[in-house]
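Notes to accompany the following structure.
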Amino acid sequence: MKRLTSLCALVILLLGALDPVISSTEPNKLASDEGIQRIYVIFTSHIDTGFDHPMDEMRQWCKDIIDDAINRCKEYDDFRWTIENIWQLKCWLNKTDEPGKVNELFDLIKEGRIEVGTAWDDIYASFLGYESINRLLYPGKQIEETYNIDLTTVVMDDLPGHSWALPQIMNRSGSKYFLAGINPQYDYCGAGTSIPIHDLPFYWEGPDGSNILTWVAFEGYYGGIGWWQLANSYEQMKSAVNSNVDELEYTYDYSKDAWLTMLGNDCINCSQAVNALMNIRKWNEEGNTPEIIPATPHDFFEHMEKTYHGDYKVYSGDWTSGWEGGKQGVYPKSTAMLRWVDDHLSVAEKIWSVNTLLYNDTHPNEKINKIYNKMFTWLDHTQSPHTPNWFTKEEMERDAWLRFQLANTSYIEMEDILDSGFERLVSGIETKHPSIVVFNPLSRSRTDLARVKLKETLFSQNFEVIDCESSISVPYQKIPETHEIAFIAEDVPPIGYKKYEILLTEIPPTFPDEVVASGNSVENSFYRVTVDPENGSILSITDKKTGREVVREVDPYDFNLLYMHNCSSGLYSLVSCGDVSLELISGPVFGEVLVKRVGTPFV
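Residues in the sequence shown are numbered from 179 upward in steps of one, following my numbering.
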């Protein structure tokens with residue numbers, strides 16, 4: 179259907195010129211001679227945990243919304259529903275005691291009338307490390323196995339962009355489709371993508387060359403309500419559909435035979451979906467074109483695959499969100515704790531895997547999985563309620579406390595699993611003297627800096643650190659403030675350990691300084707780093723082997739200073755450096771030029 183109509187300003191706003199990911203291949207265009215013949219409508223409810231209601235209340239909202247969807251499916255044969263993610267499904271399962279009700283839901287899923295997004299939640303995926311981003315889909319795989327269902331689509335809403343790691347982990351895990359119900363309206367940090375509408379859907383290619391069929395709902399996850407007006411009066415809907423179809427075909431050169439729109443909003447039940455369903459029925463009964471189909475994401479993607487046989491444009495590259503900074507700014511302590519947790523989860527798993535092999539111990543697999551899920555829940559794309567116009571002081575404090583507890587308990591539990599794992603590992607290692615065991619969790623041999631805290635009585639004595647493999651005395655450096663020593667652990671075997679013994683001596687061993695700090699520079703045999711003594715910026719990082727300079731000589735911003743970005747003007751301003759002083763440390767293992775600042779938030 180093609181009719182000339184006026185330009186819709188909304189779509190122009192949603193498709194502002196933003197940094198694109200990199201296009202890699204062009205498809206052979208297969209246009210529909212008759213234009214858009216089908217509009218697939220995805221009924222869903224977006225859960226803004228904490229933004230709409232405090233975290234503990236959201237679980238009941240999930241329960242009520244999914245109960246409503248089940249009832250609507252029983253009431254209307256053509257009703258379809260999409261549960262955004264596994265977290266929502268888990269909330270419902272935890273609050274549903276009746277086995278018959280559980281069977282009812284999963285029967286609807288098997289029939290294709292309800293679909294569940296495979297990921298844990300709508301999260302800031304770029305926060306995650308190599309292992310944890312893989313775990314984002316593990317709970318969905320467990321649901322598949324437990325209830326004998328197939329989950330094919332990752333749905334992530336209310337974010338302006340996503341990590342490049344997603345296509346690789348999705349493809350490797352068997353998830354074929356990605357539906358991004360983006361939030362483009364307040365994309366104040368310039369994130370997002372300028373991929374043109376006429377390239378939808380496209381293959382998003384991961385770093386390893388694997389790809390997933392991707393649809394970006396540029397109208398937002400609420401497009402079916404706002405732009406298409408499907409839940410409004412029938413005449414309003416009819417006008418919007420006719421206008422929008424022409425807009426897509428003529429202005430944006432969309433040539434495929436089907437379009438997807440999402441009819442969702444924050445914490446809504448199925449009422450608006452039912453209103454839209456009544457309008458859709460009337461539209462189709464009148465014989466209008468395009469046909470409007472209440473559907474699941476799988477229905478749409480399957481149609482596109484069968485119709486176009488993989489003939490899509492391929493894009494590769496990162497599609498950054500730009501919103502992650504909000505999380506770090508509101509919850510700096512929780513961010514720090516969970517970054518540490520993220521770094522050490524895989525370490526703990528490997529230590530306990532070794533213990534299982536050596537000692538036939540029970541692996542704390544379930545405890546580790548629960549920590550991953552807590553971290554993912556904390557990483558939900560919202561912050562706590564932050565306006566007294568919406569929430570009471572008690573609600574805001576309650577939600578902030580619940581979020582902190584996710585981070586804090588994850589940190590405490592991770593420490594416990596890690597400490598008990600190390601204790602169990604070293605319990606079978608024979609030693610005659612005080613000893614240090616350095617564990618390498620990587621799958622390759624490793625040489626790196628090791629730091630270990632000693633008891634004060636041992637730290638204050640004279641001693642040598644002996645490599646038990648070579649019997650060589652290893653240079654080390656004392657750190658009086660923390661009673662730590664630092665040394666280079668060489669050639670620690672993969673997923674293995676190396677032992678060092680501490681032998682007391684009458685006189686302290688001496689080692690030449692390998693890293694020398696003087697004036698405003700610090701250097702070893704590889705690099706020289708020079709600091710500006712006036713403001714603490716880094717003037718130079720020189721590779722001494724090649725002579726290459728790492729820091730650009732001409733740059734509008736000094737390296738290693740703190741700048742504040744004004745999202746309205748787009749300008750950056752320097753945060754005061756305060757009174758700067760330099761503290762120099764030279765040593766056999768490490769050296770430092772420590773920049774100290776007074777009278778500034780930049781520390």
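Don't be surprised by glycine CBs; every beta carbon is placed ideally from N, CA and C.
Span of the alpha helix (DSSP H) holding residue i?
i    : result
L596 : 571–604
H522 : 510–537
T635 : 634–637
F641 : Run containing F641: none in the alpha helix (DSSP H); it sits in the beta strand (DSSP E), 641–645.
F284 : 277–288
Y254 : Segment: none, Y254 is in no alpha helix (DSSP H) and carries neither H nor E.
Q266 : 264–272
P851 : Look at the range of the chain in this structure, 179 to 781, and you will see that residue 851 is not part of it.
Our contact map puts residue i next to residue j with C-beta atoms below 8 Å; I'd like the distance itself, whole angstroms only.
i    : j    : result
R629 : E662 : 5 Å
I248 : L283 : 6 Å
V707 : I719 : 5 Å
P338 : I360 : 6 Å
D577 : G228 : 5 Å
R258 : P472 : 5 Å
N533 : G599 : 6 Å
L357 : V333 : 5 Å
Y678 : V604 : Contact flag wrong, Cβ pair sits at about 12 Å.
T474 : I243 : Between I243 and T474 the Cβ distance is about 16 Å, and since that is not below 8 Å, they are no contact.
F800 : L438 : No answer is possible for residue 800: it lies beyond the span of the chain, which begins at 179 and ends at 781.
D444 : H224 : 5 Å
K545 : I590 : Not confirmed; about 12 Å, so no contact.
A436 : Y218 : 6 Å
E293 : T324 : Contact flag wrong, Cβ pair sits at about 17 Å.
V652 : G769 : Not a contact, Cβ separation roughly 18 Å.
Taking the C-alpha atoms as reference points, what is the distance between residue i and residue j?
i    : j    : result
N206 : M456 : At N206 the pLDDT is 47, less than 50, meaning the model places this residue with poor confidence; the figure from the coordinates comes in the next sentence. Near 38 Å, if we compare the C-alpha coordinates of M456 and N206.
W405 : H481 : 23 Å
I716 : V771 : 10 Å
N263 : N543 : 23 Å
F554 : L314 : 7 Å
K268 : L329 : 15 Å
I311 : I347 : 8 Å
A664 : S703 : 18 Å
G381 : K434 : At residue 381 the sequence reads Tyr, which differs from the Gly that was named. Rounded to whole angstroms, Y381 to K434 spans 15 Å at the Cα level.
T498 : K511 : 23 Å
F780 : L739 : 8 Å
S764 : I529 : 34 Å
D226 : R581 : 14 Å
V199 : D496 : For V199, the predicted model reports a pLDDT of 45, less than 50, meaning its position is unreliable; a value from the coordinates is still stated below. So the alpha carbons of these two residues sit roughly 6 Å apart.
G674 : V525 : 11 Å
Y399 : E701 : 53 Å
T778 : V753 : 8 Å
L378 : Y654 : 59 Å
H376 : K252 : 37 Å
S372 : Y509 : 31 Å
E469 : M574 : 45 Å
G368 : S746 : For G368, the predicted model reports a pLDDT of 47, less than 50, meaning its position is unreliable and no value from the coordinates is stated.
D597 : I403 : 52 Å
N349 : H611 : 51 Å
V643 : S759 : 34 Å
V452 : L749 : 46 Å
N420 : G295 : 30 Å
L208 : Y486 : Any reading at L208 needs caution, since the residue's pLDDT is 47, under 50, leaving its predicted position unreliable; the model's value is listed next. Between L208 and Y486, the C-alpha separation is close to 7 Å.
Can you name the residues that DSSP bridges to residue i?
i    : result
W568 : DSSP lists no partner for W568.
A358 : M334, V394
A628 : F665
E383 : N389, S494
I614 : Y678
V294 : I261
I301 : D558
S651 : I644
T660 : T660 is not bridged to any residue.
D444 : H224
V670 : R624
H231 : T227
H340 : W497
Considering residue i, what are the terminal residues of the beta strand (DSSP E) in which it resides?
i    : result
G404 : Note, G404: premise wrong, no beta strand (DSSP E); alpha helix (DSSP H) at 401–404.
L682 : 674–682
R216 : 216–221
K774 : 770–776
K656 : 654–657
Worksheet item: What residue ranges within the segment 457–496 form continuous beta strand (DSSP E) runs of no fewer than 3 residues, ordered along the chain?
Response: 469–473, 492–494
Worksheet item: Which whole runs of the beta strand (DSSP E) in the segment 687–766 are 3 residues long or more, in chain order?
Response: 694–696, 699–701, 705–709, 716–721, 741–743, 750–752, 757–763
Discussion item. If we require 4 or more residues per run, which alpha helix (DSSP H) segments fall completely within the segment 407–442?
Written reply: 412–424
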